[in-house]
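A quick write-up on the structure given underneath.
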Amino acid sequence: MDVQYEQDAGEIKRLQRCINDLVCLLALPALWSGGDISQVLDTLLNTLMRMLRLDLVSVRLNLSVVETPIEIVRVAQSFGPMPPAHEICEALNHSLGDNSPKWPPLLRNLMGDGEVSMVPLPLGLQGELGVIIAAAQRAGFPQQTEALLLNVAASQACIGLQEARLRSQQKCIADELDRRVARRTAELTAANAELQLQVGLLQRLPVSAWTLKPDGTPDFVNRVWLEYSGQTLDFVRSRPDAWISAVHPEDRETASRSFWEGVRSGQGFAMETRFLRARDGTYRWHLNQAVVLRDAEGKVLKFVGTTTDIDDQKRAEEKLRRSEAFLAEGQRLGQIGSYCWRPATDEITWSAELYRIYELEIGMPVTLELIRSRVHPDDVTLIEKMKLVDQAREGSHDFEWRYRLLMPDQSIKYMHAVAHSTRDQNGQSEYMASVQDVTARRLAEEARDKAQSELASVARVMSLGALTASIAHEVNQPLSGIITNASTCLRMLGADPPQVEGARETARRTIRDGNRMSEVIARLRALFSKKEPTTESVNLNDAVLEVIALSILELQKNRVVLCPELADDLPLITGDRVQLQQVILNLLRNGSDAMCTVEDRPRQLVIRTERDNGDRVRLTVQDAGIGFDPQAADRLFDAFYTTKCDGMGIGLSVSRSIIERHHGRLWATLNEGPGAAFSFSIPRTPAGLAHADGIRNIQAPAVTGSAAA
Amino acid sequence: MSCGVLPRRSAIDRILVSVVDDDESVRESLPDLLQQFGFAARAFSSAEEFLASGCIDQTRCLLLDVAMPGMTGPDLQQELIRRRKTIPTIFITADVGMTVRQRLIEQGAVECLFKPFSDTVLLDAVNSALRPK
């Protein structure tokens with residue numbers, strides 16, 4: 005009975021212990037909560053080892069649980085270095101198949117050779133999680149209770165592992181989530197910072213920037229606009245066209261029209277308006293530009309635009325336009341064209357007025373050929389000369405020249421050009437020139453010259469009264485001779501007997517006097533006829549003698565003692581004979597008149613011709629009269645200056661202009677004794693008088709060395 | 052008034068008319084005409100020549116030019132007056148105005164004729180000069 009009691013008591017203790025162990029095992033999950041897989045395994049293996057006095061326990065978890073299979077082996081006692089866990093597990097698996105499993109050869113050295121009992125405990129419903137192997141080297145292992153404990157442990161392990169796995173998965177997910185959130189946050193922060201920067205830029209742009217909703221209502225408007233216009237953001241946003249209140253009243257209509265057209269058509273717009281600046285109440289020109297943004301389907305998303313202050317440019321443009329118009333008008337009024345010529349490339353640019361002067365279509369490309377087609381053939385060589393001259397020189401020189409154009413209708417235009425040589429920024433030679441159509445002036449000059457010479461020849465060297473007197477005087481003498489002789493003739497023929505011889509003589513005298521008269525008339529006509537100024541070779545001495553012949557009677561009447569001193573070697577001169585004779589006649593008359601009150605000395609009138617310096621010829625008329633007031637010396641030659649009571653005062657002024665047209669000069673000096681001397685000096689062949697309408701000289705400055713224009 | 056032809060007289064008893072003029076054609080033509088009138092005529096080229104001629108006393112009528120180089124016509128008239136040799140004087144001139152003519156007549160000239168003048172005008176003037184006052 006005691007033995008049974010002892011056996012029963014032992015059994016009860018064993019069972020109690022088993023229940024205690026079970027409770028312990030059942031409490032494991034609570035222990036494991038919050039832990040990870042390795043904790044779970046750790047506790048489990050230790051618990052099993054201890055609880056069941058195992059010699060070896062191993063666990064292998066499959067990939068379904070963890071990323072890398074976990075294999076752990078624990079032995080009751082350390083027997084020295086152990087082979088790697090996965091080899092042991094594999095060997096153990098092998099041994100499980102044997103009927104009488106022994107330690108795998110791998111462990112035999114460590115664990116002994118005896119019989120081993122191994123219990124595999126699959127984890128998971130079909131062992132998909134892994135396997136725990138519990139091994140003990142004692143007989144009867146596992147006993148019932150031990151087997152129960154092992155199974156419970158295994159299922160608890162499952163639970164724990166599942167939970168751990170879930171937790172770890174959750175943690176992973178949470179970590180991943182955190183990581184993603186962090187990254188996103190960083191991205192967003194960066195993006196936000198970027199955006200802030202951009203918005204800041206937008207606000208700081210020197211232009212007004214804004215966006216419009218598809219219906220035209222502004223949504224973003226930068227600070228620049230608000231500060232400029234003084235409008236508030238709310239105000240601007242209140243209506244699509246609220247901003248128009250800042251537009252100049254005159255521009256509102258067009259601004260509104262452009263705006264609405266642009267918005268409604270979805271094209272955007274570009275327009276210039278004047279905006280009121282709130283700060284000082286001035287209006288300034290601005291350029292408003294909007295471009296459209298569309299979404300993926302092509303619908304209008306937004307309008308994005310800027311308003312740029314272009315006031316300064318606009319004013320500059322306006323000034324430029326006005327100055328250009330001013331210049332063009334000036335050119336038009338003065339009939340002055342201008343051009344720029346680059347000798348190196350023959351690049352020529354003309355102003356509009358120059359095209360008009362040349363009667364060419366404005367904007368036609370200008371070439372030397374084109375110019376040649378218009379320039380008078382006689383003057384074309386000028387252009388060639390210019391080029392040659394330019395090539396021969398290095399420095400900058402200015403040109404002035406006159407030339408003619410021959411128009412398609414054969415009319416002639418006179419041109420006066422002035423060119424200034426400069427260098428452009430590359431050092432290339434460049435000519436800027438002004439060309440004026442001086443045809444009107446030239447024609448006026450010619451008309452004036454003609455009128456002057458008409459004046460000289462008609463009026464001209466004396467007054468009309470004196471002219472009549474002079475003519476009367478010249479013809480009177482022969483005329484009275486004629487009448488007297490004719491009367492005598494009649495009487496002689498009427499005598500009884502008729503005095504034929506006497507009659508014949510008187511008739512002869514009559515004819516002679518008649519001839520003399522016609523000579524005088526002819527001379528007078530020549531002297532006072534209207535003639536175009538002609539140029540011819542003139543023998544000044546002969547011309548003087550003719551004038552003397554014409555006026556000798558009158559001079560003698562006035563008791564003038566004429567003393568001609570005509571040089572023998574006087575060269576021929578080129579000029580207008582009649583005009584020069586008028587001058588000589590004027591000087592002789594003046595000299596004679598100056599002496600009309602002289603009584604105490606001979607009324608000596610010297611007329612002298614001689615060579616003068618520089619291939620010139622000089623004529624002097626010197627009287628012994630009353631002279632002139634030295635103070636009035638420069639007025640002597642003025643038109644209408646006269647000291648004679650019946651003088652017209654045009655004699656000397658006309659004479660001077662005649663001499664000047666001969667490129668000479670006329671002057672007066674007082675004698676040492678009484679009286680004055682009037683002299684003129686003219687060149688033999690004045691330059692430019694070679695042909696009537698020719699080119700005046702090109703005033704090209706002297707070239708050192710090479711032959712110039 | 053009188054007709055152009057006078058009865059022939061001998062050279063000796065023809066009345067002497069003297070012409071003083073520096074113009075050659077006058078000296079050439081006038082004497083012939085005067086002779087046709089029946090006068091004797093002599094011509095002098097200057098006042099000085101006449102004064103030196105010795106014909107002063109015989110000259111019954113003087114035809115005198117006004118403007119002459121040297122002594123003028125009026126000068127000669129004054130000189131003759133000074134010499135108390137008043138001769139009836141007819142001035143012949145080409146170029147004086149009416150005022151001068153008036154003055155000459157006031158100063159004693161019988162007449163002042165403007166060239167060119169017709170023969171009858173001359174004759175009338177000479178006859179006028181010779182008519183006893």
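Order-wise, the sequence lines are chains U and L.
Numbered according to this note's numbering, the first sequence spans residues 5 to 713.
Numbered according to this note's numbering, the second sequence spans residues 52 to 184.
The C-beta atom is built at its ideal place from N, Cα and C for all residues, glycine as well.
All of these numbers come straight from a predicted model, not from anything done at the bench.
When DSSP reads this structure, U:T286 sits in no beta bridge, so it has no partner.
Of the residues assessed, U:D572 falls on the exposed side of the cut-off, its CB having fewer than 16 other CB atoms within 10 angstroms. Taking each of U:S377, U:M86 and U:G285 in turn and checking the Cα distance to U:H252, the smallest one comes out for U:G285.
Exclusion of the five residues before and after U:V123 leaves A138, P146 and L154 as the residues of its chain whose Cβ lies within less than 6 Å of its Cβ. Between the C-alpha atoms of U:V551 and U:V542 there is a straight-line separation of about 14 Å. Taking U:G272 as the centre and dropping the five residues before and after it, the same chain places the C-beta of G266, A294, V295, V296 and F307 closer than 7 Å to its C-beta, in chain order. With a cutoff of 8 Å on beta-carbon distance, U:Q339 and U:D413 are scored as not near each other. Shown here for L:I107: same chain residues with a beta carbon closer than 6 Å to its own, the five before and five after excluded, namely K136 in chain order. Counting only Cβ-Cβ distances below 9 Å, L:F168 has contacts in chain U at S484, I487 and T488, in chain order. For U:I630, there is no enclosing beta strand (DSSP E), as DSSP gives it neither H nor E. Of the candidates U:I163, U:L549 and U:N562, U:N562 places its Cα closest to the Cα of L:M122. Of the residues assessed, L:C163 falls on the buried side of the cut-off, its CB having 16 or more other CB atoms within 10 angstroms.
Taken through DSSP and simplified to helix, strand or coil, U:N675 comes out as coil.
Residue contact with chain L for U:T510: present (Cβ-Cβ distance below 8 Å to some residue of chain L).
The C-beta separation of L:L84 from U:T488 comes to about 5 Å, placing the pair in contact by the 8 Å criterion. Under the 8 Å criterion on CB atoms, L:Q87 is classed as interfacial with respect to chain U. The three-state reading of DSSP puts U:G341 in strand, counting E and B together. Fewer than three pairs of CB atoms, one per stretch, sit closer than 8 Å, so the stretch 98 to 117 of chain L makes no contact with the stretch 503 to 510 of chain U. Remark: fewer than three beta-carbon pairs, one from each stretch, lie closer than 8 Å, so the stretch 170 to 188 of chain U and the stretch 196 to 204 of chain U are not flagged as touching. With a threshold of 8 Å between beta carbons, L:S179 makes no contact with chain U. For U:P568, the uninterrupted beta strand (DSSP E) run begins and ends at V564 to L570, by DSSP. L:S76 places its beta carbon less than 8 Å from that of U:G485. Cβ proximity to chain U below 8 Å picks out D73, D74, S76, V77, E79, S80 and L81 from the stretch 66 to 82 of chain L. By the CB criterion at 8 Å, U:W354 and U:G341 fall inside the cutoff. For L:P125, the nearest beta carbon of chain U is not closer than 8 Å to its own beta carbon. For U:R615, no Cβ of chain L is located within less than 8 Å of the residue's own Cβ. Residues of the stretch 624 to 643 of chain U with a C-beta less than 7 Å from any C-beta of chain L: none at all.
In the DSSP assignment, the residues bridged to L:C163 are L:F142. When the five nearest sequence neighbours on each side are left out, the beta carbons in the same chain lying within less than 6 Å of the beta carbon of U:L554 are those of R527, in order along the chain.
For the pair of segments examined, the stretch 369 to 383 of chain U was found to touch the stretch 345 to 359 of chain U: the number of CB pairs separated by less than 8 Å reaches three. Put simply, the stretch 180 to 194 of chain U does not touch the stretch 73 to 81 of chain U. Fewer than three CB pairs are less than 8 Å apart. Under the DSSP assignment, U:V203 falls in the alpha helix (DSSP H) whose first and last residues are Q148 to R208.
Shown here for U:P482: same chain residues with a beta carbon closer than 8 Å to its own, the five before and five after excluded, namely D517, G518, R520, M521 and V524 in chain order. Counting every other CB atom within 10 Å of its CB across the protein chains shown gives U:C600 a total below 16, marking it as exposed.
Close partners of U:Q608 in chain L (Cβ separation under 9 Å) are lacking, with about 13 Å as the shortest Cβ gap. Here L:M149 is exposed: its Cβ has fewer than 16 other Cβ atoms, across all protein chains shown, within 10 Å.
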